[in-house]
Structures are given as C-alpha cells and as structure tokens.
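Worksheet: one structure, shown below.
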Amino acid sequence: MSERLHWGNGTLAIEFEWSSESAPRIAAVASSSGRLEMPAGLPLIDVLTVCHGHALANDRLVHTAIGHDARYIAHSEEVEGGARTLRLSVGHAATGITATIALTLFDGLAALRSSITVTNGGSDEIVLRSIPSLSLYLGGGADSDIRDWTVHHALSDWLGEGRWMSEPLGGIRFPRLEQHLTNHNPRGEFSVTSSGTWSTGKHLPIAAVTSERLGAAWAWQIEHNGPWRWEIGEDTASGYLALSGPTDTDHQWVVVLHPGEQFTTVPVTIAIASDFTGAIAELTAYRRAVRRPHPDNTAMPVVFNDYMNTLNGDPTTEKLLPLIDAAAGAGAEIFCIDAGWYDDSGDWWDSVGEWRPSTTRFPGGLGEVIDHITRAGMTPGLWLEPEVIGVNSPAALTLPDDAFLQRNGKRVVEHHRYHLDLRHPAAVAHLDEVVDRLVNDFGVGFFKLDYNINPGPGTDRDADSVGAGLLEHNRAHLAWLDGVLERHPDLVLENCGSGAMRSDFAMLSRLQMQSTSDQQDFLKYPPIAAAAPAAMLPEQAASWAYPQPEMSAEEVAFCLATGLLGRFYVSGYLNRMNEGQLGLVQEAVATAKRLAPELVASTPFWPAGIPTWEGPWTALGLATPGSRLITVWNRDAADSVTTLHLPGLASSQVTVGTIFPSSLPEWTTHWDSEAGTLRVTNPTGQVGARVFRVDAAE
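41 is the number of the first residue of the sequence shown in this note's numbering; add one for each residue after it.
Right, dumping it as structure tokens:
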C-alpha cells in the first residue's frame, strides 16, 4: 500500500508517494498555473556508485540501481523565517547508504531549491560517481509526452554571452522509439554540460521547458561555480529532467566515502509557471529573495570604469585625472581603475599576483589618484584577478606548490598563469592580505574581480579525483568571498570572468553585480544585454555603456541605452566629448539613478521575442509593480519598423513615453489595443535605441 505526503507553501504544492515496494517519487505538483500529475517510475533520489551502476545500462543521471532499490526511512520539516525545508531520507539496505534530499520553498514563490546528502552507513567504502540534486518528470499525467515540450537554452562564449534558442523536443531530438515494446527505457538523453571553472563559458546552467498544450513551464538553474550537467530524457512513462553538479562521466569527479562520511551535492532550483516569461519571473523573485544582503543591492551607485574602449589596461596619472573629473561631472558615484595599475613593465600578463601599485605609472603614487577620486565625491575601485599568479610573478616563488592546482605533482599552467588552490591556507592568506591592504591603505570600496583562465578538470592533490579536488576548491572560493564580505560588509564586488564566463548563481548570490560581456562593438551588445536578465537579476546586469567622442548623437544614445535597464556601467572618453554628447551621458546617468528603485522590484520579459544575434531589432522589457520599461534597439536603419507584443495590456488603453533620450527625435509608436501590440518606428534613418515607459491608462 502506498503512502502520500502533501507539502507546500501556499504557492507551490508537491505530493510525494512511496511504498514498501517502491522508492519515493514526486507524484504531482500544483501552482497557480495548474496541476501536473507525474507517472510512477522515476525515483526522487538517484545515486550512482562504482559497485552499483544503473538498473539498465545507460549514461543518464537517473534510473540507478540504488535509486530503484532505496526505500523511505523518514521525513521532517523545518521552518525558519520565510523558508520551509523538507528533509526526506531513503536507505539502501545492500550498501548501508542513507540519502537525504533537502527541499526548500520560500514564502510566496513557486520555486523549489534542492540538494542531496549521501551518508555511508555501511562498513565498506562507497565510491560515488554521480548524484543528481533533483530529478522529476515534466508532468502531464498518464498521457504525457515529451514531445509536448519545447526546451529553451543558451550558448555562451567570450564576447557572445547568452545566445538563447528554442527547440521542440520531438523529431530528431526525441523520435518515437516505441520503447514500450521492449519494456525498457531508452538509453540516450539530451544533456548539456560545462567543464572546468568557466561555469557559463559554453552553455548556461539556466534553461527552461514550456508546453502550450499543458499551459506549463519549468525554468531551472544549477547554482555552482564549477562543472555541472542538466539533462532531459524520456523513459517508458514520460519525459524527465535531472540537474546535477560534477559527475564521473563528464568531469572526472569521483568521491570515496569511508564509513560514517557524507557528501552533499551542489544546490539547484526549479520554478514553475504557465509560460517561459512567468517561470523566469519566478526564478528572478527567488534570486532576489535569497541573495546575500548588502547595501548595494538597492543603492545601485553608477560605476565608471576606465577600461572598455578607453584606457584598455594602460592607466597613468596623466590619463586618469581628466577622466575622473569628467566622470564625476557626469554623475558617476564609483570610479574603477581597471587593469594595469600594478604594472611597471608594460607587459604584465605573466607577472601578476602581488597586486602592488606601479611606481612608474603614478609618479605621485597611486594614492594621489585615489585621493583625486575621493575628492571628486566618488568611491575608488580597483581591478583584481585574485585567483591567478603569473608564472613570472614573485608570488609564484614565495607561495608553496600546494597552494596551486596540480596534476601529478606539477602546477597546472594555463595561458602563462598558475591557479591558486583555495583549499590551502597559504593561498587564502595571500588573497586576504591583498584585499585587506588595498582597502586599508587606499580606502578602496569597489573591486572588479576578473577571471581570465580555465585551468581544466581540476587538481589531484589531496583529492579522491581531479573533479573532486576542483569541487572542493570551488567551495573554498565561495567561502573566501564570504569571508571578504564579512570583514568588509560595505565593499562592493563586481563579478567578471572574461565578461560573463562565470556568471552562475553560486557567485551571483554573493556578489553585487555582474559584467555581462567584454564585447567591444556597440552594435553587437544589444542581444547580450537583452538576454542577461534571464540569467541574473536585472539590477546585477552591468552592460557596458561606452560612448565615444567620435560617435554621432544617435550612436552615443544607443550605447547609453544598452546599460539603462541594468546596473549602469559607464566607460568612454567623457573628457573629450562636446557639450551635446556629454549632455546625453549626464541625462543617462540621471535616468539610471531615477530608475534604480523600479529595477530592484522588476522582472524581465522580451516583447520582440527571445533576442537573436543578428536581428535588426532587439527589445528588453522590465515589468515593475506599476509600469513596463522597454529598451528597443534598431541595428539596421533600413528595417525601421518593429512590433512589440504586450499581451498583458491587451484590451487596455496605454500611454507611451520616452524615458531616454529626451533631446533626440521621437520614435513614433502606435498601440493596437485588441492585439496587445505596439508598433515602433525609427524615423531617423540611423541606427538607434530608445527607452520607453508603457503604462495602462487610468
């Protein structure tokens, strides 16, 4: 006889089922978007070990022998603040393994966070190969079909972050195999993985599936600053989703549990709604609810950074002082001196690591420049790449070998750099000394933390496997960041990894802002900026606004508009601009400050569809409690008309106003109330961008 457990938070309800003959599973999920029934067949917890593989040979995360044979032991609930956590444990008699899944719901949110802890309660060693943090059927009842669903996922690269695509789960991806005739599950799956430490360098650990027939959507994120895997597959019952950190198959991750030892997987979160936009909105609300508290989360001061298309890593006192004055005059509140401030040679890539100010670049000392920033009313900031030590850096000689990632006793070298292993106390002490010295000696209140190498699968020093060593380092890195912010609670940290190559939520739950790209072509930036809020909070997304004096007024406005519906992040030779250009910059900065209180309560939508890399039109919308803010970019003046879809305003009258720029020609708009569409026309004959506010008429 089966037992059922009903659990939820009033917004999301989950039903679990188990019996003496079957492992616990998710049987149903219900939210405001409806109820999804799940068939039997997929255990809630799967554990793959060397001695106990899959129930049927395959490369999947699910349908393991231990998962199939494990049985319910107990469950309990904890409620703390606005969160409630269910812990459900299963046991595997043959091995003595106990596995406990921790599921957390937050008040008012249809988002579920999950991780699993495996304990070796037996007398022999257990060699773990994979443990998905969450596995569940997509839902749809007895007649559910994976071909009802469309997957939405994103490719990423340096200069080309967040390139989303939509793919129906039918045809070539999941053809009809008639697996019921064999009474065995298919053996393949659609899996997406990352490798090394660029957690978002090739694919995003954020994706979604939608079903128009069911009126349902799932969106998920894997919250890890290292390797991960998500997969979608089909078995004889239905289509499923599984989310995981590193695995043996993909990442050389193996962990040995001695009797009494335990291992906990990386956290993952999944949200449910009726469509893609709604599911991303639920993830957005979750991200906002659980991120580390910090004054910057709502203050959102405007940052000027001297690097992009400006000093490009070659700062000097002579170059910086006029930029500082111009940035302050434009209204910037933080001034960050980017790469090069530590360099005396002009060729610093392989010598970084001590992070001491150059004496040749700043004849009066770096302190003179920092003081100039402070006197101008701005917070001083510096660029750091903390986790690397150049092979020719003096620090490479003073730190012990064990303070670096290693393979077979040799330090790993990538792009002429060693990589610190933050499991080692000497590595942590070195970085703590650097940060504390710069904060205490210069009053630095902002660090841009960059990360420009990927050291590969990991380290085999003092680890069960290369992948296990990397996971331990990844977690030590997060602990180091936590320590920095505990010592300096007002310090603002920007996350950067060759742009957004490490923009996972493990990092973004801690750090205040995220560089969205290193893209230098302002016409290529809109799809990156528009897609960013699917992967991070809008108020964290720092897209470069880098106008230059040689640009036309429309091009200046285009660059500035790119950053306005995010964390406003400015560069460019403001000190060389004419009055009209500088006026546009000042207006944009003032607009960013005015919009900040709305951004911190907003959720993203895409009124022109998911951004495409080459399309002539791109649009990003932010829905706020009382309005809709929309940036529209026109990258091809020959294609001067587009249509924005605003179904939530259909059958309503609206007012449309231009937020930015106010001094350039108005773009014309026409609202079709019945269709819920806004036609936008760029009459200028030039590429351009506008930021609109669309409100329902009173």
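Each residue gets a CB set at the ideal place from its N, CA and C atoms; glycine is no exception. Just so it is clear, the structure is predicted and the values come from calculations on it, not from any experiment.
Anticipated Cβ contact below 8 Å, residue i with residue j, distance rounded
i, j, result
"S239", "R542", "5 Å"
"C536", "L489", "6 Å"
"L604", "A632", "6 Å"
"A378", "L351", "Residue identity differs from the one stated: residue 378 is Asp in this sequence, not Ala. So it is a contact: roughly 7 Å between Cβ atoms."
"I186", "G50", "The Cβ separation is near 30 Å, so there is no contact."
"S98", "R216", "A quick correction: the sequence has Asn, not Ser, at residue 98. So it is not a contact: roughly 19 Å between Cβ atoms."
"S713", "A736", "In fact, because the Cβ distance is near 11 Å, the residues do not count as touching under 8 Å."
"P420", "V484", "6 Å"
"L471", "P397", "Between P397 and L471 the Cβ distance is about 17 Å, and since that is not below 8 Å, they are no contact."
"V720", "V694", "Contact doesn't hold; Cβ gap of about 13 Å is too wide."
"T157", "Q302", "6 Å"
"L149", "V249", "Going by Cβ atoms, the distance from L149 to V249 rounds to 19 Å, so no, they are not a contact pair."
"A151", "T309", "6 Å"
"N160", "G300", "7 Å"
"A597", "L624", "6 Å"
"F230", "G273", "7 Å"
"E218", "T190", "Rounded, the Cβ-Cβ distance is 23 Å, inconsistent with contact."
Contact check, residue i vs residue j, beta carbons under 8 Å
i, j, result
"G353", "G74", "no"
"E322", "A416", "no"
"A729", "A601", "yes"
"S154", "A142", "yes"
"A372", "V629", "yes"
"T717", "L686", "yes"
"D390", "R457", "yes"
"H115", "L45", "yes"
"D288", "S611", "no"
"L660", "T671", "yes"
"V342", "F608", "yes"
"W381", "L439", "no"
"A277", "S314", "no"
"F487", "E454", "no"
Inter-residue Cα distance where the pair is residue i and residue j
i, j, result
"V232", "A282", "11 Å"
"G162", "H94", "20 Å"
"V532", "V306", "26 Å"
"V524", "D679", "49 Å"
"R253", "D561", "41 Å"
"H192", "D476", "43 Å"
"E654", "Q726", "17 Å"
"P579", "L662", "Here the sequence assigns Glu to residue 579, which means Pro is not the residue at that position. Roughly 11 Å between the two C-alpha positions."
"E512", "F214", "36 Å"
"L437", "T237", "24 Å"
"E627", "P701", "8 Å"
"D522", "Y565", "32 Å"
"A70", "E77", "9 Å"
"D164", "A105", "18 Å"
"F732", "G688", "16 Å"
"I699", "H710", "17 Å"
"P362", "H412", "10 Å"
"L684", "D676", "17 Å"
"L639", "S59", "48 Å"
"N722", "N349", "27 Å"
"N432", "A519", "28 Å"
"T356", "E619", "26 Å"
"P495", "R634", "42 Å"
"A569", "P333", "25 Å"
"F344", "S251", "43 Å"
"A311", "A319", "6 Å"
"Q261", "M617", "43 Å"
"H298", "I650", "48 Å"
"S72", "T499", "46 Å"
Using 8 Å as the threshold, is the stretch 198-208 in touch with the stretch 502-514, meaning 3 or more CB pairs across them?
no
I'd like to know if the stretch 547-562 and the stretch 574-592 are in contact, where contact means that at least 3 CB-CB pairs between them fall below 8 Å.
yes
Cβ pair count under 8 Å reaching 3, the stretch 257-269 against the stretch 474-482:
no
The stretch 588-600 / the stretch 310-327 touching (three or more Cβ pairs under 8 Å):
no
I want to know whether the stretch 568-579 touches the stretch 643-660 - three or more CB-CB distances under 8 Å.
Segments in contact, yes.
On the three-pair Cβ rule with 8 Å, is the stretch 78-98 touching the stretch 108-117?
Cβ pair count under 8 Å is three or more, so yes.
On the three-pair Cβ rule with 8 Å, is the stretch 398-408 touching the stretch 363-371?
no
Would you be able to state if there are at least three C-beta pairs under 8 Å between the stretch 432-450 and the stretch 460-476?
yes
Which complete beta strand (DSSP E) runs does the stretch 274-324 hold, if anything under 3 residues is left out?
279-284, 295-297, 302-304 and 308-313
Every unbroken alpha helix (DSSP H) inside the stretch 584-641 [4 residues or more]
593-604 and 619-639
Entirely within the stretch 317-397 and at least 3 residues each: give me those beta strand (DSSP E) ranges in chain order.
343-345 and 374-377
Fully enclosed by the stretch 161-229, which alpha helix (DSSP H) runs are 4 residues long or longer?
none
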